[in-house]
Amino acid sequence: VQLQACGGGLAQPGGSLTLSCVASGRFFSINAMGWYRQGPGGQRELVASITSGRTNYRDSVKGRFTISRDNAKNTVYLRMNSLKPEDTAVYYCNAEVINPPYAGVDYWGKGTQVTVSS
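Shown next as structure tokens:
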């Protein structure tokens, strides 16, 4: 299973970016999908996740970021609005993949850089 993320780049404060991540390979299904980020010198932290239509966001991005998913395309999106310099980080997509007999295995994309700066 491979996760390929794209859509990162440079944005000005207040600007917007959309990240996408597609899962490919052989698997039965995908349970949860999500986005994490790791800023300079920081730990990887959950940004948003989506499972069976239920979404979860870290407090600092609520109202600004929107996670969505296209199950037919095995793709998860992260629309980021009103970006702030503190959103600067490498963003990683994550998928919990179901492949019987395994209940769920986490896979990670390589990460895409998001830089918010004027």
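Residue numbers for the sequence shown follow my numbering, so the first one is 3 and each next one is one higher.
Just so you know, even glycine gets a beta-carbon here, dropped at the ideal spot from N, CA and C.
If distances are taken between C-alpha atoms only, which option among the options comes closest to residue i?
i, options, result
"ASN96", "LYS86, GLY9, GLY11, ILE32", "ILE32"
"LYS64", "GLY55, TYR79, ASN83, VAL78", "ASN83"
"VAL43", "VAL107, GLU88, ARG71, TYR104", "In the sequence as presented, Val is not what sits at residue 43; that position holds Gly. That would be GLU88, whose Cα lies nearest to the Cα of GLY43."
"SER54", "GLN115, LEU5, GLY36", "GLY36"
Leaving out five residues on either side along the sequence, give the residues of the same chain with a beta carbon under 7 Å from the beta carbon of residue i.
i, result
"VAL3", "ALA25, GLY27, PHE29, VAL99, TYR109"
"LYS86", "PRO15, VAL118"
"LYS75", "VAL24"
Note down, in chain order, each residue of its chain lying with its Cβ closer than 6 Å to the Cβ of residue i, except the 5 sequence neighbours on either side.
i, result
"THR117", "LEU12, THR90"
"ILE69", "ALA50, ILE52, THR57, LEU80"
"TYR94", "TYR38, TRP110, GLY111, GLY113"
"GLY17", "LEU85"
"VAL107", "VAL99"
"VAL92", "GLN40, GLY113, GLN115"
Residues in its own chain within less than 8 Å of residue i by CB, not counting five upstream and five downstream?
i, result
"ARG60", "GLU47, LEU48, VAL49, ALA50"
Just how far apart, CA to CA, sit residue i and residue j?
i, j, result
"PRO102", "ALA34", "16 Å"
"ASN73", "ALA7", "16 Å"
"SER62", "ALA105", "31 Å"
"GLY10", "LEU19", "7 Å"
"VAL78", "LEU5", "10 Å"
"GLN115", "PHE67", "16 Å"
"ARG71", "LEU21", "11 Å"
DSSP puts residue i in a beta bridge; with which residues?
i, result
"SER70", "TYR79"
"VAL107", "VAL99"
"THR117", "LEU12"
"LEU5", "ALA25"
Jot down the residue ranges of each uninterrupted beta strand (DSSP E) in the region 8 to 59, minimum 3 residues, whole runs only, in chain order.
If only uninterrupted beta strand (DSSP E) runs of at least 3 residues are considered, those enclosed by the region 8 to 59 are 11 to 13, 19 to 26, 31 to 40, 47 to 53, 56 to 59.
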